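Position one of the sequence shown corresponds to residue 74 (the working numbering), numbered consecutively onward. See structure below.
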Amino acid sequence: MIKKASFLISNTDYKKCPPPTMPEFAFIGRSNVGKSSLVNMLTGNKNLAKISGKPGKTQLINHFLIDDIWYLVDLPGYGFAKVSKGIKSTWEKMISDYLTNRENLVAVCVLIDSRLDPQKIDLEFITWCGENEIPFILIFTKSDKQSKTKTLGNVRKFLDSAKEIFGDEPDYFITSSQNGEGKVELVSFIENEVQEYYDSHR
């Protein structure tokens with residue numbers, strides 16, 4: 074489990090991010106998907122990432138150092154944030170430059186709202202990741218907001234859509250920031266990937 078998490082630096086340019094000497098996991102999703110809450114739940118620090126009811130709060134590439142051995146990166150959300158077209162295109166360029174150029178990026182953690190049917194924007198984003206050979210995993214959020222049956226039904230619909238695009242299902246986790254569901258499994262997955270990263274870079 075995560076013992077230590079601290080904010081490191083915010084940037085608008087991947088070239089100014091910390092030296093790519095540690096494995097990195099980037100968290101991204103539609104605006105208001107519950108990203109900050111999830112980051113805080115995973116790290117056990119409810120004040121680490123800023124939570125806002127207002128979509129579009131994260132506007133920078135935010136690096137957090139975890140247990141002194143890996144980086145958690147909080148990226149701006151995509152989707153319906155009420156910002157100008159100019160800011161939106163700047164964000165999009167910043168995110169795509171970061172994702173396609175960051176050599177120590179192990180996986181993009183794509184957050185999906187488990188209360189919704191598959192959203193076009195989420196499917197477009199994972200398709201873009203696939204086209205650019207960027208590894209990703211799916212994290213379904215807000216599982217506590219409805220019945221388990223409804224959550225599993227929506228997850229299944231999304232996985233079926235992803236399977237149509239890729240031919241197989243991506244790795245996925247079902248989470249709740251409220252009751253901690255999925256925390257152990259997701260952190261274990263990341264820790265295994267971190268270990269593999271160091272083993273292969275020896």
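Note that the Cβ used here is the ideal one computed from N, Cα and C, for glycine as well. From a predicted model like this one, the values you see are computed outputs, not experimental measurements.
{"Query": "With burial defined as no fewer than 16 other Cβ atoms inside 10 Å of the residue's Cβ, what is the status of G253: buried or exposed?", "Result": "exposed"}
{"Query": "Quick check: what's the CA-CA separation for E204 versus K88?", "Result": "23 Å"}
{"Query": "If you compare alpha carbons, which of A235, Q268, W143 and F213 is closest to T94?", "Result": "W143"}
{"Query": "Whole angstroms is fine: what's the gap from F231's alpha carbon to P191's?", "Result": "5 Å"}
{"Query": "Span of the beta strand (DSSP E) holding C182?", "Result": "L178 to D186"}
{"Query": "Of the residues D141, I168 and L196, which one's Cα is nearest the Cα of K236?", "Result": "L196"}
{"Query": "Just grab the DSSP bridge partners of E97 for me.", "Result": "Y144 and L178"}
{"Query": "Measuring alpha carbon to alpha carbon, tell me which residue in P96, K76, T85 and L259 is nearest D272.", "Result": "P96"}
{"Query": "With A78 as the anchor, note down where its beta strand (DSSP E) starts and where it stops.", "Result": "A78 to N84"}
{"Query": "State whether the region 210-220 contacts the region 172-189, with contact taken as three or more CB pairs (one from each stretch) at a distance under 8 Å.", "Result": "yes"}
{"Query": "Would you please state the rounded distance, in angstroms, between the beta carbons of L145 and V112? I believe it to be under 8 Å.", "Result": "7 Å"}
{"Query": "So what does DSSP say about L138, is it helix, strand or coil?", "Result": "strand"}
{"Query": "Residues in the same chain with beta-carbon distance under 8 Å from T173, minus the five sequence neighbours each way, listed in chain order, please.", "Result": "N205 and I207"}
{"Query": "Going by beta-carbon coordinates alone, are K256 and M114 separated by less than 8 Å?", "Result": "yes"}
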